[in-house]
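Participant: The sequence shown begins at 376 in the numbering used here and counts up by one.
Glycine included, C-beta positions come from ideal geometry on N, C-alpha and C.
After the structure tokens below, expect a handful of questions from me.
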Amino acid sequence: MLIRKVVHTLRLGDCEDPELYFGAAWYDFSVTEKGQWILDNCHDLVYNQSIDQQSYGYAFQVSGKLSEEKWTYFLLKWGN
């Protein structure tokens, strides 16, 4: 059984086109060890954009579906 969990949050400052900047930040993240693991092990990745009240910018939460065993591994390796 697959469960949907938030696997990464990207925060951006105030900008005119947050989705454009999110794309660049996501690419930079996706070449890291954690990013590669997420791309290889999570299914149906989606992101949700919201206003980040602390920085007056934007927050993008990336979530995906993964098994409970892979979620446990993720938490042990990278924390919450």
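#1: Have a look at the DSSP bridge pairing and note the partners of residue 423.
#2: Would you identify the three-state DSSP class for residue 447, choosing helix, strand or coil?
#3: Does the beta-carbon of residue 388 have 16 or more other beta-carbons within 10 angstroms, so that it is buried, or is it exposed?
#4: Within 10 Å of its beta-carbon, does residue 431 have 16 or more other beta-carbons around it, so buried, or fewer, so exposed?
#5: Residues in its own chain within less than 6 Å of residue 415 by CB, not counting five upstream and five downstream?
Facilitator: Short version:
#1: Beta-bridge pairing links residue 423 to 436.
#2: DSSP places residue 447 in helix when its eight states are reduced to three.
#3: Residue environment: residue 388 is assigned as exposed (fewer than 16 neighbouring CB atoms within 10 Å of its CB, all protein chains considered).
#4: Per the 10 Å Cβ criterion, exposed.
#5: Shown here for residue 415: not one same chain residue has a beta carbon closer than 6 Å to its own, the five before and five after excluded.
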